[in-house]
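Asks:
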Amino acid sequence: MGGKRYYCDYCDRSLPYSVEARKKHNTGHQHRLVRQTYFNNNKSASEKFNEEISKSKCKRFFSGQNCAFGANCIFSHKTETELENLKREAIAEYKKNNLPSQVSRDGKEPSYDHILFFLERNCNPTMKKVIETISDYDKSHQYLNSYYPLPPSLQPPTIEDLITSEYNTWG
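Numbering (UniProt numbering), first residue to last: 1 to 171.
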């Protein structure tokens, strides 16, 4: 009974399935604000930081008045301490994503013996479990590599996956 409907994920509403209705909705003020908010929430810290330092300060906001544009203002509402925190987040994000490793220098993975030697040399008491896990991983990795092609969910993790993983205790 009713015709086909177009559903907008950003606005959480449906509208008639026609090109004109969709164009009108997509150019509407509400849709643009919700869409912009969605993309701003999914930006990386470095993107947010670069965007904020390129903006000038909002005179209305910093004079104590209310800025009607809020987060969508073309001027910056961030204080110096907030900018410093954002800069720290961006640096931490960069370091996390760009781990200096032998893989990036040589173009190939380091051997398991090299990793075990490194971990034993720089070991603290909590890392002993990690060393045992890696030696067990070595055995299972060789066994699983004989079965190809494996689906992605069954492929053994790479060295980067092991290095960047966090070992939490469950209780």
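A virtual CB, placed ideally from N, CA and C, is assigned to each residue, including glycine.
Given the structure is predicted, the values throughout are model-derived calculations rather than measurements.
#1: Along the alpha helix (DSSP H) that carries Y17, what are the first and last residues, could you check?
#2: Given K4, which residues of its chain have a CB within under 7 Å of its CB, disregarding the five upstream and five downstream residues?
#3: With three or more beta-carbon pairs closer than 8 Å as the criterion, would you say the region 55-74 touches the region 20-30?
#4: Let me confirm a value: L154 is counted as buried when at least 16 other C-beta atoms fall within 10 Å, else exposed. Which label applies?
#5: On the CB-based measure, 16 or more other CB atoms within 10 Å of its CB, does I115 come out buried or exposed?
#6: Is it buried or exposed for L86, if we count other Cβ within 10 angstroms and need 16 for buried?
#7: What three-state label does DSSP hand S46 in the structure shown?
#8: Determine the contact status of S165 and Y94, defining contact as a CB-CB distance below 8 Å.
#9: Can you look up S104 in the DSSP assignment and give me helix, strand or coil?
#10: Is it buried or exposed, F39, if we count other Cβ atoms within 10 angstroms and call 16 or more buried?
#11: Can you tell me whether S54 is helix, strand or coil according to DSSP?
#12: Please tell me whether Y10 and R22 are closer than 8 Å, where the distance is taken between their beta carbons.
Replies: Result, derived from the coordinates:
#1: Element bounds for Y17: n/a, residue is neither H nor E.
#2: Y17
#3: no
#4: exposed
#5: buried
#6: buried
#7: helix
#8: no
#9: With a pLDDT of only 47 at S104, under the threshold of 50, the placement of this residue in the model should not be trusted; the figure read from the coordinates follows. DSSP places S104 in helix when its eight states are reduced to three.
#10: exposed
#11: helix
#12: no
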